[in-house]
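Here the structure comes first, spelled out in structure tokens, and everything after it is commentary.
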Amino acid sequence: MKRVLLGMSGGVDSSVSALLLKQQGYEVIGATMKLWEDEKSGEESKCCSLSAVYDAKRVCDKLDIPHYTLNYKKEFKEYVIKDFINCYKCGRTPNPCIECNTHIKFDLFYKKALELGCEYIATGHYAKTEFSEKYNQYVLKKSKAEKKDQTYFLYGMPKEIISKMIFPLGDYVDKTEIRKIALENGLQVATKPDSQEICFIPNNNYGEFVLNNMNEKLKKGNIVTTSGEILGTHNGLIHYTVGQRKGLQISYKEPLYVIKLDNNTNELIVGTKSELYSKELLANEVNFLLSSKIQASMDVTAKIRYRAEEAKAKLIFIKDDIIKLKFEQEQKAITPGQSVVFYKDDIVLGGAKII
Numbered sequence: 094m095k096r097v098l099l100g101m102s103g104g105v106d107s108s109v110s111a112l113l114l115k116q117q118g119y120e121v122i123g124a125t126m127k128l129w130e131d132e133k134s135g136e137e138s139k140c141c142s143l144s145a146v147y148d149a150k151r152v153c154d155k156l157d158i159p160h161y162t163l164n165y166k167k168e169f170k171e172y173v174i175k176d177f178i179n180c181y182k183c184g185r186t187p188n189p190c191i192e193c194n195t196h197i198k199f200d201l202f203y204k205k206a207l208e209l210g211c212e213y214i215a216t217g218h219y220a221k222t223e224f225s226e227k228y229n230q231y232v233l234k235k236s237k238a239e240k241k242d243q244t245y246f247l248y249g250m251p252k253e254i255i256s257k258m259i260f261p262l263g264d265y266v267d268k269t270e271i272r273k274i275a276l277e278n279g280l281q282v283a284t285k286p287d288s289q290e291i292c293f294i295p296n297n298n299y300g301e302f303v304l305n306n307m308n309e310k311l312k313k314g315n316i317v318t319t320s321g322e323i324l325g326t327h328n329g330l331i332h333y334t335v336g337q338r339k340g341l342q343i344s345y346k347e348p349l350y351v352i353k354l355d356n357n358t359n360e361l362i363v364g365t366k367s368e369l370y371s372k373e374l375l376a377n378e379v380n381f382l383l384s385s386k387i388q389a390s391m392d393v394t395a396k397i398r399y400r401a402e403e404a405k406a407k408l409i410f411i412k413d414d415i416i417k418l419k420f421e422q423e424q425k426a427i428t429p430g431q432s433v434v435f436y437k438d439d440i441v442l443g444g445a446k447i448i
């Protein structure tokens, strides 16, 4: 019997994943990761709170599988929280879920699986892995649940462990199917609501979180148009992101949006809606998931953020760790710090950080 370590948040997706894996004949070990606790207030994130651990344990008890709690608070702070704060300080908009998957789930969690004698690790993400005859290797693929597909967040995994990853929900089309399975099998988390915000910012106020965890004071600066006209003063660049319209507190003859955060001059650059659009981007920190030879340029589809539509583009390797994407259609609010993920059909080729 093949042994698998399953990451469990106490939610319905990972709980049903445990059930499905057991039904498929795996020896399942459930594990909930303790990732964050506010050092000042003692407040925990929802995905690893005591109630989340308790929910996961109840599911494991019902399914008669062991459950562990893994403390990765130190590592989470080092790899995720510090990156989150530094990105905002440098005028970028981070994606902590990608950092968490890359450094915690696909590194520390996988190493723990090996320690426990597990051949595989699994999560409740909506994604798939399978062997591709075309590429002669295991590949990461989009799930059948198009609206729920989460491969955007998973591109950071090492290609060497794709064959060791299991996503039990990959062939399900809709979340309602998962809740129905949970109800039919008496899992008490069947109607538990999904978490919508970043796990360590329960009030969704990113600026406040960064400000409370910085060792320096914010500097006010000018709000200027792309032509250099000064329109007002901002209260610190951490409070803004590319594409933002609300909260600028300036008046102008037409609506203005954040176009750029200039960390060198401490200026907030604003412009019209048309100035938000661009056909090109540069990105670094590239992670390519195929072992086959990389072409100098290739046609792909790409997403510049999780909720964005895939768009046709040409992927061009510039040098070393830098790529360029040229889109057929203009893309709105390409944002430094966010990830761009590129696909060929339903296969994830890889991803990179927008610069």
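When the letters of the sequence shown are read in order and numbered with my numbering, they come out as residues 94 to 448.
By construction, the Cβ of each residue, glycine as well, lies at the ideal position given by its N, Cα and C atoms.
> So, using beta-carbon positions, are Leu349 and Gly329 closer together than 8 Å?
Replying inline: No; because the gap between Cβ atoms is not below 8 Å, this pair is not in contact.
Exercise for the section: Report the partner residues of Arg96 according to the DSSP bridge assignment. Expected result: BP columns for Arg96 point to Glu120.
Practice item. Measure the C-alpha to C-alpha separation of Ser390 and Lys221 and round it to an integer number of angstroms. Key: Using only the alpha carbons, I get a separation of about 26 Å.
By Cβ distance below 6 Å, which residues in the same chain neighbour Leu324 in space, the five residues on each side in sequence not counted? Taking Leu324 as the centre and dropping the five residues before and after it, the same chain places the C-beta of Ile316 and Ile343 closer than 6 Å to its C-beta, in chain order.
* On the premise that Lys419 lies in contact with Glu373, defined as a C-beta separation below 8 Å, what is that separation, rounded to the nearest angstrom? -> Confirmed, about 5 Å.
- What residue from Pro187, Phe169, Thr216 and Lys366 has the CA that sits closest to His196's CA? Answer by Cα proximity: Phe169.
Tell me whether Asn380 is buried or exposed, calling it buried when 16 or more other Cβ atoms sit within 10 Å of its Cβ.
By the 10 Å Cβ count, Asn380 comes out buried.
Considering only the beta carbon of each residue, do Ile427 and Ile397 sit closer than 8 Å? Annotated as proximal: Ile427 and Ile397, with beta-carbon spacing under 8 Å.
- Starting from Gly443, follow its DSSP beta bridges and name the residues at the other end. For Gly443, the pairing in a beta bridge is given by DSSP as Phe381 and Phe435.
Let's see if you can read the secondary structure: which residues bound the beta strand (DSSP E) around Thr318? Counting along the chain, the beta strand (DSSP E) containing Thr318 begins and ends at Gly314 to Thr318.
For Phe177, would you say it is in contact with chain C, using Cβ-to-Cβ distances shorter than 8 Å as the test?
Within the model displayed, chain C is absent; a lone protein chain is all it includes.
(Q) Let me confirm a value: Gln422 is counted as buried when at least 16 other C-beta atoms fall within 10 Å, else exposed. Which label applies? (A) Its Cβ having fewer than 16 others within 10 Å, Gln422 is exposed.
Original post:
Pick from Phe199, Ile214, Leu201 and Ser256: whose alpha carbon is nearest that of Phe224?
Top reply: Closest in alpha carbon position to Phe224, among Phe199, Ile214, Leu201 and Ser256, is Ser256.
Quiz item: Around the C-beta of Ile191, are 16 or more other C-beta atoms found within 10 angstroms, so that it is buried, or is it exposed?
Solution: It is buried - the Cβ of Ile191 has at least 16 other Cβ atoms within 10 Å.
* To the nearest whole angstrom, what separates the beta carbons of Ala376 and Ala445, a pair I think is in contact under 8 Å? -> The Cβ separation is near 4 Å, so the contact holds.
Practice prompt. Measure how close the beta-carbons of Lys127 and Val121 come, nearest whole angstrom, since I'm counting them as under 8 Å.
Written response: About 20 Å; that fails the 8 Å criterion.
N- and C-terminal bounds of the beta strand (DSSP E) containing Ala220:
Counted as a single uninterrupted DSSP element, the beta strand (DSSP E) harbouring Ala220 occupies residues Ala220 to Ser225.
>> Is the separation between the beta-carbon of Ile271 and that of Leu304 shorter than 8 Å?
In response: No, the Cβ-Cβ distance between Ile271 and Leu304 is not below 8 Å.
>> Is it buried or exposed, Asp176, if we count other Cβ atoms within 10 angstroms and call 16 or more buried?
In response: By the C-beta density criterion, Asp176 is buried, having at least 16 other C-beta atoms within 10 angstroms.
Assuming Trp129 contacts Lys167 under a Cβ cut-off of 8 Å, what Cβ separation, rounded to an integer in Å, is found between them?
No, Trp129 and Lys167 are not in contact; Cβ-Cβ is about 11 Å, not under 8 Å.
### Task
Consult DSSP for Tyr181 and reduce its assignment to one of helix, strand or coil.
In the three-state scheme derived from DSSP, where H, G and I count as helix and E and B as strand, Tyr181 is classed as helix.
Residue from Lys346, Gly340, Asp355 and Gly336 whose Cα sits closest to the Cα of Ser371:
For Ser371, the closest alpha carbon among the candidates Lys346, Gly340, Asp355 and Gly336 is that of Gly336.
Inset, instruction - Using the DSSP secondary-structure output, state which residues sit across from Val78 in a beta bridge. - result: The structure shown does not extend to residue 78, since the chain is modelled only from 94 through 448, so no value can be given for it.
Pairs of beta-carbons, one from the stretch 95-111 and one from the stretch 141-151, closer than 8 Å: are there three or more? Touching, yes, given that three or more Cβ pairs across the two stretches are closer than 8 Å.
- Curious, which full-length beta strand (DSSP E) runs of at least 3 residues does the stretch 354-378 contain? Counting whole runs of 3 or more residues, the stretch 354-378 contains the beta strand (DSSP E) stretches 360-364.
Using alpha carbons as the reference points, say which of Gly321, Lys313 and Gln388 lies closest to Asn359. Nearest C-alpha to Asn359: Lys313.
Mind the definition here: the stretch 198-207 touches the stretch 235-245 only if three or more C-beta pairs lie below 8 Å; say whether that holds. Output reads no: the stretch 235-245 does not touch the stretch 198-207.
TODO: Report the partner residues of Lys425 according to the DSSP bridge assignment.
DONE: In DSSP, Lys425 forms a bridge with Tyr370.
### Query
Secondary structure at Gly249, three-state DSSP: helix, strand or coil?
The answer is coil: DSSP assigns Gly249 none of H, G, I, E or B.
Exposed unless 16 or more other CB atoms sit within 10 angstroms - verdict on Tyr345:
Tyr345 comes out exposed.
Report the rounded CA-to-CA distance for Gly321 versus Leu354, giving the unit in angstroms.
Rounded to whole angstroms, Gly321 to Leu354 spans 14 Å at the Cα level.
| field | Three-state secondary structure (DSSP) of Ile343 | value | Three-state DSSP puts Ile343 in coil, outside helix and strand.
(Q) Tell me the DSSP secondary structure of Phe420 in three-state form. (A) The answer is strand: DSSP assigns Phe420 an E or B state.
query = Just how far apart, CA to CA, sit Lys182 and Leu201?
reply = If you take the alpha carbons of Lys182 and Leu201, they lie about 27 Å apart.
Quiz item: In or out: Gln424 buried (at least 16 other Cβ within 10 Å) or exposed?
Solution: Buried.
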